[in-house]
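Asker:
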Amino acid sequence: MEKFVVHGPCRLEGEVTISGAKNAAVAILPATLLVKGKCHLENVPDISDIRAYCKILESLGSKIEYISNNELIIDNTDVNSAIASYELTSKFRASYYLIGALIGRFDKVQIGLPGGCKLGARPIDQHIKAFKKLGAKVIVRNGNVYASKTEPLKGSNIFFDVVSVGSTMNAILAATLSEGVTTIENVAKEPHIVDLANFLNSMGAKIKGAGTDTIKITGVKELRQKSSYSIIPDQIETGTFMVAAAATKGDVLIKNCIPKHMEPITAKLIEAGATVEEFESSIRVTMDKRPTSISIKTMPYPGFPTDMQPQTSLLLTIGDSTGTIVETIWESRFQYTDELAKMGADISAHGSTAIFKGVEKLYAAPVRAHDLRAGAAMIIAGLIAEGDTEVYDIHHILRGYENIVGKFANLGAKIDYVKTEDDEE
Ligand code: EPU
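The sequence shown begins at 43 in my numbering and counts up by one.
1) Run through the stretch 387-438 for me and flag every whole alpha helix (DSSP H) of 4 or more residues, listed as ranges in chain order.
2) To test your reading of the DSSP string, which unbroken beta strand (DSSP E) runs of 3 or more residues are found completely within the stretch 121-185?
3) Tell me, please, whether the stretch 404-416 touches the stretch 159-171 by the rule of three or more beta-carbon pairs shorter than 8 Å.
4) I'd like the span of the beta strand (DSSP E) that includes GLU107, first residue to last.
5) Examine the ligand EPU and report whether any of its heavy atoms sits within less than 7 Å of the Cβ of HIS169.
6) Compute the beta-carbon to beta-carbon distance between GLU428 and ALA451, rounded to the nearest angstrom, for a pair I have assumed lies under 8 Å.
7) Leaving out five residues on either side along the sequence, give the residues of the same chain with a beta carbon under 8 Å from the beta carbon of PRO472.
8) State the start and end residues of the unbroken alpha helix (DSSP H) segment that holds CYS96.
9) Identify every residue that forms a DSSP beta bridge with SER190.
10) Once the 5 residues before and after GLU467 are set aside, which same chain residues still bring their CB inside 6 Å of it?
11) Determine the closest residue to LYS291 out of ASN85, LYS339, LEU357, with distance taken between C-alpha atoms.
12) Under a three-way DSSP split, which group does ASN243 fall into?
13) Examine the ligand EPU and report whether any of its heavy atoms sits within less than 7 Å of the Cβ of SER209.
14) As a quick exercise: from PRO333, GLY365, GLY246, VAL327, pick the residue whose alpha carbon is nearest that of LYS339.
15) For GLY442, is the beta carbon positioned less than 7 Å from some heavy atom of the ligand EPU?
16) Should the stretch 85-96 be regarded as contacting the stretch 252-261, the criterion being three or more beta carbon pairs within less than 8 Å?
17) Which class does GLU466 belong to by DSSP, given the choice of helix, strand or coil?
18) Beta carbon of LYS64: closer than 7 Å to some heavy atom of the ligand EPU?
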């Protein structure tokens with residue numbers, strides 16, 4: 043069994059460099075399938091979700107040259123299969139981007155239903171709606187998604203019922219090589235959507251409006267290979283270190299980030315009493331007192347990101363009065379509050395609302411990382427708490443945070459990675 047042991051309490055101090063964005067990379071990797079040629083990607087995060095994605099691409103016939111842990115050359119000239127097994131795709135959510143990326147190039151695509159963090163119901167009806175609008179036939183059966191076409195996909199008008207990151211990405215991927223013009227409305231505006239559009243446009247795609255409510259795509263016949271593209275910095279990793287700095291009354295300079303992407307988080311940190319200084323590509327967060335209790339409501343970008351909800355909850359957990367979090371995206375995202383309760387937190391979570399009565403201190407306990415961001419929250423809790431906090435199920439954390447132990451260690455934290463011998467085979 044693997045676990046982290048976080049030795050607390052600890053004040054974070056120093057500098058940390060942010061890695062490439064997971065949720066951009068997991069769309070850009072499959073997007074390379076739209077090119078019958080090579081794509082050179084830089085600032086690729088070295089995380090288990092990316093390693094899993096590379097395995098899927100290789101199973102389809104991609105040749106990947108690993109220049110370094112963060113730099114890849116993917117050659118999709120010889121991709122000859124559009125069938126990805128359940129065993130590979132069920133490990134994470136973003137495997138569904140294979141459908142959008144492959145349906146332009148192949149007439150029949152089959153992928154196992156995607157997995158990912160258990161955050162509540164994760165339907166893919168809007169993805170399917172987009173593929174159908176473009177002329178594909180889609181069936182979900184026996185744990186697989188089957189998409190097919192008998193003639194080239196044709197541009198269409200797509201109006202999403204809900205604002206969905208994945209559906210927006212998939213519609214962009216599928217429409218890029220279609221015939222004619224596609225207009226997609228009520229789309230997600232997250233920075234990773236803009237990054238995917240920039241990547242595709244840099245290879246000759248014609249995508250306008252990414253980052254606004256409406257995206258217009260004029261289909262092109264083919265894309266040209268890409269000499270080099272650098273993935274944007276990870277908004278959520280940046281936010282995780284910002285919150286960790288504030289929660290530990292620390293002083294941290296967070297480098298290689300985009301301050302504009304951090305505005306909803308910066309605003310809440312300032313409300314909680316932190317000082318946030320923004321520079322061109324870095325942010326310094328300092329805090330010298332107990333947080334003022336704040337209230338948060340998660341919303342699609344540019345609102346407060348659901349993926350920062352568990353980490354930021356630590357500021358409310360040790361806040362000076364009562365704070366509230368309303369979660370509007372994922373129905374089961376408060377499972378971590380039971381873990382914090384084991385450490386002395388006073389939280390009552392019902393439905394989409396959690397009320398946090400701030401406590402002065404947390405005390406170490408064995409806790410679980412229920413999902414990726416909940417896991418990051420457990421590490422921050424361990425940094426605040428008195429004693430040695432054991433965090434279990436850390437495979438969730440390793441899916442999305444590059445070198446998390448090393449990065450926290452550089453800031454003065456003591457976190458041990460422990461693997462017990464009976465699991466080593
Ligand atoms: N939804 C539908 N139908 C669909 C698709 C989504 O009803 O066809 C609903 C979902 O149930 C949810 C809402 O729409 O209530 C938003 O879901 P979205 O599609 O935006 O989520 P996602 O694409 O599956 C991505 C991130 C998540 C992040 C959400 C919201 C990736 C790989 N995952 O998921 O990231 O929470 O957007 O921002 O990009 C994480 O990184 O820890 C993570 C969970």
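Glycine included, each C-beta is placed from N, C-alpha and C at the ideal position.
Answerer: In brief:
1) 414-426
2) 150-154, 179-183
3) yes
4) 105-110
5) yes
6) Incorrect: roughly 20 Å between the Cβ atoms, too far for contact.
7) In the structure displayed, the chain extends from 43 to 467; residue 472 sits before or after that span and is not available.
8) 90-102
9) LYS150, LYS179
10) Low confidence applies here, because GLU467 scores a pLDDT of 43, under 50, leaving its location unreliable and the question unanswered by this model.
11) LEU357
12) helix
13) yes
14) GLY365
15) yes
16) no
17) Note that GLU466 scores 49 on pLDDT, short of 50, meaning its location in the model is unreliable; the coordinates nonetheless yield the value given after this. Correct three-state label for GLU466: coil.
18) yes
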